[in-house]
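> Mapped onto my numbering, the consecutive letters of the sequence shown carry residue numbers 1 to 176.
Positions of the beta carbon are idealized from the N, C-alpha and C atoms, including for glycine.
Following this message is one structure expressed as structure tokens.
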Amino acid sequence: MARRDPRVLVAYGTKNGSTGEIAAHVADVLARAGCATTVRPAGEALRDFSGYDAVVLGGALYAGRWHRDARRFARRARRALGTRPVWLFSSGPLDASASERDLPPVPGVRRIADRLDARGHVTFGGRLDENARGRLARMIVSSGKGGDFRDFTAITAWAERIAHDLSGVPAQREEA
């Protein structure tokens, strides 16, 4: 039987689109490394979860909590995720801290990582610009604290490590 490329679902929860852009970049890096990738918002990904060999799940951080759709995906897909390798990422700090040092997951994400036996978690900087939705987000931007703090070099390196890890992951059996 010929070995096929690992199929990877990259799911994310986002409010203003920045985390979705990170997820798309992760998927592009994985695809260049030979993985068959699908990128979906976490709320939609639950509808078609079968057939993936691995999952990368990301969530935007708001007030120290992961986006609701990412939390819900992790909870509802817990059984299926337990049979596949899983990696998690968070995005959100609106400063350079995520590029300067490893930031541990917030407590809720740490619990999710433990429940899913995630192979890794990383926190990337976020982006908040003048198009941000929500009163609080607009106040942050108008106070001069917005900006784009995503480090795509670091995101690429992290995704390349995942691709390397996936080179030894056996394909899931087709589900009937």
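A27 and V10: beta carbons closer than 8 angstroms?
Their beta carbons are under 8 angstroms apart, which means A27 touches V10 by this criterion.
> Would you be able to state if there are at least three C-beta pairs under 8 angstroms between the stretch 65–75 and the stretch 24–42?
Judged by Cβ distances under 8 angstroms, the stretch 24–42 makes contact with the stretch 65–75, as three or more pairs qualify.
> Closest to N16 by C-alpha separation, out of A157, F152, G147, D5, would be which residue?
Here the closest residue by C-alpha is G147.
> If you follow the beta strand (DSSP E) that H25 is part of, which residue opens it and which one closes it?
Note, H25: premise wrong, no beta strand (DSSP E); alpha helix (DSSP H) at 18–32.
> Would you report the Cα separation of D151 and S99, rounded to the nearest angstrom?
Taking the straight line joining both Cα atoms gives about 7 angstroms.
> Relative to the C-alpha of Y12, which residue among R76, A31, F89, V29 is closest?
Closest by alpha carbon: F89.
> Nearest-angstrom Cα distance between L116 and S167?
If I take the Cα positions, the gap works out to 21 angstroms.
> Thinking H121 and P105 are a contact (beta carbons under 8 angstroms), I'd like their distance in whole angstroms, please.
5 angstroms between Cβ atoms; contact.
> Under DSSP, the alpha helix (DSSP H) around A163 begins and ends at which residues?
Element bounds for A163: 152–166.
> Cβ of A36 within 8 angstroms of Cβ of R7?
Yes, the pair counts as a contact, with Cβ atoms nearer than the cut-off.
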